[in-house]
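Inspection log for the structure reproduced underneath, given as structure tokens.
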Amino acid sequence: MSSPSQHSAYASRAASPASSVSAASPSRKQCDFTKLMMAGYDVELKNGNTRDFFVEFNAPKDTPYEGGVYRVHVELPEQYPYVSPSIGFANKIFHPNIDERSGSVCLDVINQTWTPLYSLVNVFEVFIPQLLIYPNPTDPLNSEAASLLMRDKDKYNEKCKQYVLEHAQPREGVGTGGEDNDDNSSVLSGNDGIVSDLDLDLED
Numbered sequence: 317m318s319s320p321s322q323h324s325a326y327a328s329r330a331a332s333p334a335s336s337v338s339a340a341s342p343s344r345k346q347c348d349f350t351k352l353m354m355a356g357y358d359v360e361l362k363n364g365n366t367r368d369f370f371v372e373f374n375a376p377k378d379t380p381y382e383g384g385v386y387r388v389h390v391e392l393p394e395q396y397p398y399v400s401p402s403i404g405f406a407n408k409i410f411h412p413n414i415d416e417r418s419g420s421v422c423l424d425v426i427n428q429t430w431t432p433l434y435s436l437v438n439v440f441e442v443f444i445p446q447l448l449i450y451p452n453p454t455d456p457l458n459s460e461a462a463s464l465l466m467r468d469k470d471k472y473n474e475k476c477k478q479y480v481l482e483h484a485q486p487r488e489g490v491g492t493g494g495e496d497n498d499d500n501s502s503v504l505s506g507n508d509g510i511v512s513d514l515d516l517d518l519e520d
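The structure is reproduced here in structure tokens:
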């Protein structure tokens, strides 16, 4: 694995099968975005752009992150779904495979083995939950977390829970994790039943 310094601010986009792959149809982006909201996820658009947004993600139960509400930044490249989305945690999380400062995620299915068969729903219902359930301390972006997990799992769990209390608690009137929402952002709730009425900015 490459060193943490070689990782971008967010999970690296997987290389396309061929450099000649043209930009994907906006209909696929719209379909995946709509399915994400229909699955019940709250989404915060940046400047009304559905290619650059934040998703509210609730940590899986029976993990030291249980109860945490995370603001996950998603960027869809022009060639999505042939090229993977960029994924990163906006609020701090203590995890061996997530860089604490940048939020960059070390996850093979995002960085290396992405295929167009995957979707945004897969990212939030399978890939990220599995990352939190099964941390890999042998392939770390956060060496402190990896070392603590291997040395003393109980203390590791305690520190994870401490980070949840400090950085992943939703508060009224502010963004997930206690951060103010961008003035140019708009929040859409997947539970409002308004998905079909969205005026999506999907121009490439």
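Under the working numbering, the first residue of the sequence shown carries the number 317, and numbering increases by one thereafter.
C-beta atoms are modelled at their ideal positions from N, C-alpha and C, and glycine is treated no differently.
Tell me the residue span of the beta strand (DSSP E) that contains residue i.
{"i": "residue 426", "result": "Careful: residue 426 lies outside any beta strand (DSSP E), inside the alpha helix (DSSP H) at 424-427."}
{"i": "residue 368", "result": "365-374"}
{"i": "residue 387", "result": "385-391"}
{"i": "residue 402", "result": "402-405"}
Taking Cβ positions, are residue i and residue j nearer each other than 8 Å?
{"i": "residue 426", "j": "residue 479", "result": "no"}
{"i": "residue 359", "j": "residue 486", "result": "no"}
{"i": "residue 419", "j": "residue 405", "result": "yes"}
{"i": "residue 387", "j": "residue 413", "result": "no"}
{"i": "residue 476", "j": "residue 397", "result": "no"}
Just checking my contact of residue i with residue j at CB under 8 Å: how many whole Å lie between their CB atoms?
{"i": "residue 445", "j": "residue 401", "result": "Contact doesn't hold; Cβ gap of about 16 Å is too wide."}
{"i": "residue 353", "j": "residue 504", "result": "6 Å"}
{"i": "residue 529", "j": "residue 437", "result": "Because the chain here runs from 317 to 520, residue 529 falls outside it and cannot be looked at."}
{"i": "residue 443", "j": "residue 423", "result": "6 Å"}
According to DSSP, which residues form a beta bridge with residue i?
{"i": "residue 504", "result": "359"}
{"i": "residue 421", "result": "414"}
Following the continuous alpha helix (DSSP H) through residue i, name the residue where it begins and the one where it ends.
{"i": "residue 344", "result": "342-354"}
{"i": "residue 444", "result": "444-449"}
{"i": "residue 463", "result": "459-467"}
contact_flag[the stretch 387-399, the stretch 457-474] where n(CB pairs < 8 Å) is 3 or more: Note that the stretch 387-399 does not touch the stretch 457-474; fewer than 3 beta-carbon pairs, one per stretch, sit closer than 8 Å.
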